[in-house]
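Colleague:
There are 2 protein chains.
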Amino acid sequence: MANRMTTHISRGPYKPGRIREQSRDLILQAAEAEFACHGFRGATMQRIAESAQVPKANIHYYFSNKLGLYGAVLENTLNLWDTVFNELSSHDDPADVLGRYIDAKMNFSRTNPSASRLFAKEMISGAPHLSAYLQQDYRLWFKQRMSIFDCWIAQKKMDDLDPAHVIFMIWASTQYYADFEPQILIATDTQSQSEASYQQAANSIKHIILKGCGIG
Amino acid sequence: MANRMTTHISRGPYKPGRIREQSRDLILQAAEAEFACHGFRGATMQRIAESAQVPKANIHYYFSNKLGLYGAVLENTLNLWDTVFNELSSHDDPADVLGRYIDAKMNFSRTNPSASRLFAKEMISGAPHLSAYLQQDYRLWFKQRMSIFDCWIAQKKMDDLDPAHVIFMIWASTQYYADFEPQILIATDTQSQSEASYQQAANSIKHIILKGCGIG
DNA sequence: GTCTATATTCTGATAGAC
DNA sequence: GTCTATCAGAATATAGAC
Numbered sequence: 000m001a002n003r004m005t006t007h008i009s010r011g012p013y014k015p016g017r018i019r020e021q022s023r024d025l026i027l028q029a030a031e032a033e034f035a036c037h038g039f040r041g042a043t044m045q046r047i048a049e050s051a052q053v054p055k056a057n058i059h060y061y062f063s064n065k066l067g068l069y070g071a072v073l074e075n076t077l078n079l080w081d082t083v084f085n086e087l088s089s090h091d092d093p094a095d096v097l098g099r100y101i102d103a104k105m106n107f108s109r110t111n112p113s114a115s116r117l118f119a120k121e122m123i124s125g126a127p128h129l130s131a132y133l134q135q136d137y138r139l140w141f142k143q144r145m146s147i148f149d150c151w152i153a154q155k156k157m158d159d160l161d162p163a164h165v166i167f168m169i170w171a172s173t174q175y176y177a178d179f180e181p182q183i184l185i186a187t188d189t190q191s192q193s194e195a196s197y198q199q200a201a202n203s204i205k206h207i208i209l210k211g212c213g214i215g
Numbered sequence: 000m001a002n003r004m005t006t007h008i009s010r011g012p013y014k015p016g017r018i019r020e021q022s023r024d025l026i027l028q029a030a031e032a033e034f035a036c037h038g039f040r041g042a043t044m045q046r047i048a049e050s051a052q053v054p055k056a057n058i059h060y061y062f063s064n065k066l067g068l069y070g071a072v073l074e075n076t077l078n079l080w081d082t083v084f085n086e087l088s089s090h091d092d093p094a095d096v097l098g099r100y101i102d103a104k105m106n107f108s109r110t111n112p113s114a115s116r117l118f119a120k121e122m123i124s125g126a127p128h129l130s131a132y133l134q135q136d137y138r139l140w141f142k143q144r145m146s147i148f149d150c151w152i153a154q155k156k157m158d159d160l161d162p163a164h165v166i167f168m169i170w171a172s173t174q175y176y177a178d179f180e181p182q183i184l185i186a187t188d189t190q191s192q193s194e195a196s197y198q199q200a201a202n203s204i205k206h207i208i209l210k211g212c213g214i215g
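Keeping their order, the protein sequence lines are chains A and B.
Take the first sequence: its position 1, counted from the start at 1, is 0 in numbering that gives the first Met the number 0, and no numbers get skipped.
Take the second sequence: its position 72, counted from the start at 1, is 71 in numbering that gives the first Met the number 0, and no numbers get skipped.
The structure is reproduced here in structure tokens:
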């Protein structure tokens, strides 16, 4: 394909490396679903290849090996997390900030359930491939946000609770709707979670968290 | 072994099938940890055998095959869940009932983290081996407890919230401390969760849930 | 860049001695 | 009941034609 750039005049919206990116993305998408469902060890290259509708050998052309592919999927997922993490900014009004953060987290669960499940599976397995991320970006982010809560508590804007537990509760509650979907569907007698049902869940969580923390 | 009971007079504290039970339990325990860490597909009989310190063939002597072993582990786990589930009885005072239930759930997460993780992994994978349980015991239990909440709401003992979301929030928050332990340890700068730290977490959850639901 | 064929290792399961 | 040896199939990964 690179030859086309040098031997022919490019016609149409051709971009160098476009096919490469497309193929990579296709494989990454299939791999995310497979890893999310079966974990690193349980996932097979064969199934990923079938799901992505490419020959198995092509995966090895784009990614060094199974671990390399997993790493690439994980990196994609972490980038998505980070954008949601940053929603929790140091605004003045805790009700507004936390409300928007809970909405953002729930929206992420709804639109990226595979990413949420992949992350959960990795955590449950002891996070063997996430130690670098956890020790660096995550650790820093967590400490910064903790100080925001401490500030609110000092200003009597919320109850004197350990902020860590509040954050854990928000994460646990919002991720639950993606990770434990089978349990939720049977409990609610439905076959799929609608956008409206997600919104109702978000409202319940916001009610309990905000009121429970003495905010507003 | 049964022959010994009929052909000889039993001496000492011998019980028929005792060795059998011991070996079975040893294998089940190792299998629970392995399945919890790597999921059904990711777990290997070899690793389970090594962890249980028995030859691989012995596992096939006690259990029909990998799926049979997994089913036995899952059944063990579900029995444990059920005992905790029943803690949420129809007592009159919601603060007392929910408080004790949250304590019981947190205690379960602390003392049976592998069981919690196994259950979580199965759910994230779409609960392919739990459909019978979910459709029967769980479904019934959930509906019964929902009606208790509805009763409390009618009596103005708590806010008018969808009880399902309250239960999901309790489950999510309490299980999080077992399932997402790596994240918690790094956030709290500790190497293991003490019993005291679990109690603090339980207190925070109780504070937020009870106050957030307008109970007490 | 793509794909078929294959090398090599590993996994679940069994046979059969003890 | 226990264990060694081993099979058939599946897994990751690579070689090499196109």
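Even glycine gets a Cβ: it sits at the ideal position worked out from N, Cα and C.
All figures in this text were calculated on a predicted structure; none of them were measured in a lab.
Using the three-state DSSP reduction, which class does Met4 of chain A fall into: helix, strand or coil?
Modeller: Because Met4 of chain A carries a pLDDT of 39, less than 50, the predicted location of this residue cannot be relied on, and no value is offered for it.
Colleague: Taking Cβ positions only, does His164 of chain A come closer than 8 Å to chain B?
Modeller: yes
Colleague: Considering only the alpha carbon of each residue, which of A:Gln174, A:Gly211, A:Lys210 lies closest to Ala119 of chain A?
Modeller: A:Gln174
Colleague: Of the residues that make up the segment 50 to 75 of chain B, which ones have a beta carbon closer than 8 Å to any beta carbon in chain A?
Modeller: none
Colleague: Hey, is His206 of chain A's beta-carbon within less than 8 Å of any beta-carbon in chain B?
Modeller: yes
Colleague: Do Glu31 of chain B and Arg46 of chain B have their beta-carbon atoms positioned less than 8 Å apart in this structure?
Modeller: no
Colleague: Which residue's Cα is closest to the Cα of Val83 of chain A: A:Val72, A:Asn57, A:Ala114?
Modeller: A:Ala114
Colleague: Which residues mark the beginning and the end of the alpha helix (DSSP H) in which Ala42 of chain A is found?
Modeller: No alpha helix (DSSP H) holds Ala42 of chain A; DSSP gives it neither H nor E.
Colleague: So does the segment 154 to 162 of chain A actually touch the segment 208 to 215 of chain A, counting three or more Cβ pairs closer than 8 Å?
Modeller: In short, these stretches touch, since the Cβ pair count reaches three.
Colleague: Quick one: is Asp161 of chain B near chain A, going by C-beta distance under 8 Å?
Modeller: yes
Colleague: Is DSSP giving Gly125 of chain B helix, strand or coil here?
Modeller: coil
Colleague: Give me the subset of the segment 35 to 47 of chain B whose CB atoms are less than 9 Å from a CB atom of chain A, sorted by chain position.
Modeller: Ala35, Cys36, His37, Gly38, Phe39, Arg40, Gly41, Ala42, Thr43
Colleague: Does Leu27 of chain B come within less than 8 Å of chain A when only Cβ atoms are used?
Modeller: no
Colleague: At a cut-off of 7 Å, is Lys210 of chain A close to the ligand ATP when judged by its beta-carbon and the heavy atoms of the ligand?
Modeller: Among the components modelled here there is no ligand, and therefore nothing to report on the ligand ATP.
Colleague: Suppose you measure from the CA of Asp91 of chain A to the CA of Ile166 of chain A; what does that come to, to the nearest Å?
Modeller: 18 Å
Colleague: Looking only at its own chain, which residues have a Cβ that is under 7 Å from the Cβ of Tyr132 of chain B, when we skip the five neighbours before and after it?
Modeller: Leu77
Colleague: List, in order along the chain, the chain B residues whose C-beta lies closer than 7 Å to that of Pro181 of chain A?
Modeller: Met122, Gly125, Ala126, Leu133
Colleague: What span of residues does the alpha helix (DSSP H) with Cys150 of chain B cover, start to end?
Modeller: Element bounds for Cys150 of chain B: 138 to 153.
Colleague: Spell out a yes or no on whether the segment 189 to 204 of chain A and the segment 124 to 140 of chain A are touching, meaning 3 or more CB-CB pairs, one atom from each, closer than 8 Å.
Modeller: no
Colleague: Quick check on Asp92 of chain B: does DSSP put it in helix, strand or coil?
Modeller: The answer is coil: DSSP assigns Asp92 of chain B none of H, G, I, E or B.
Colleague: Taking 8 Å as the threshold (C-beta atoms), are Met122 of chain B and Gln182 of chain A in contact?
Modeller: yes
Colleague: Using three-state DSSP, classify Gln190 of chain B as helix, strand or coil.
Modeller: It is coil, neither helix nor strand.
Colleague: Going by C-alpha to C-alpha distance, which of B:Lys156, B:Trp151, B:Ala200, B:Asp149 sits closest to Ala171 of chain A?
Modeller: B:Ala200
Colleague: Compare the Cα-Cα distances from Pro54 of chain A to each of A:Gly38, A:Ala29, A:Gly67, A:Arg40 and report the closest residue.
Modeller: If you compare the alpha carbons of A:Gly38, A:Ala29, A:Gly67, A:Arg40 with that of Pro54 of chain A, the shortest gap goes to A:Ala29.
Colleague: Quick one: list the residues of chain A neighbouring Asp95 of chain B, beta-carbon separation under 7 Å, in chain order.
Modeller: Within 7 Å Cβ-Cβ: nothing; Asp95 of chain B doesn't reach chain A, min ~18 Å.
Colleague: Per DSSP, what kind of secondary structure is Ser130 of chain B in: helix, strand or coil?
Modeller: In the structure shown, Ser130 of chain B falls within a helical segment according to DSSP collapsed to helix, strand and coil.
Colleague: Along the chain, where does the alpha helix (DSSP H) that runs through Val165 of chain B open and close?
Modeller: 162 to 178 is the extent of the alpha helix (DSSP H) around Val165 of chain B.
Colleague: What residue from A:Thr187, A:Lys155, A:Ser88 has the CA that sits closest to Gln143 of chain A's CA?
Modeller: That would be A:Ser88, whose Cα lies nearest to the Cα of Gln143 of chain A.
Colleague: Please report the straight-line C-alpha distance between Arg138 of chain A and Phe148 of chain A, rounded to a whole angstrom.
Modeller: 16 Å
Colleague: At a Cβ threshold of 8 Å, is Lys210 of chain B touching chain A?
Modeller: yes
Colleague: Measuring only the C-alpha atoms, how far is Ser22 of chain B from Ser124 of chain A?
Modeller: 26 Å
Colleague: Taking the alpha-carbon positions, what's the Glu49 of chain B to His37 of chain A distance?
Modeller: 22 Å
Colleague: Going along chain A, which residues have a C-beta under 9 Å from Met157 of chain B?
Modeller: Near Met157 of chain B there are no residues of chain A at all, since even the closest Cβ is about 11 Å away, more than 9 Å.
Colleague: Is it the case that the Cβ atoms of Ala177 of chain A and Arg116 of chain A are separated by a distance below 8 Å?
Modeller: yes
Colleague: Please list the residues of the segment 133 to 151 of chain A that have a C-beta atom closer than 8 Å to any C-beta atom in chain B, keeping them in chain order.
Modeller: Leu133, Gln134, Tyr137, Arg138, Phe141
Colleague: Check this for me: beta carbons of Val72 of chain A and Leu27 of chain A, under 8 Å apart or not?
Modeller: yes
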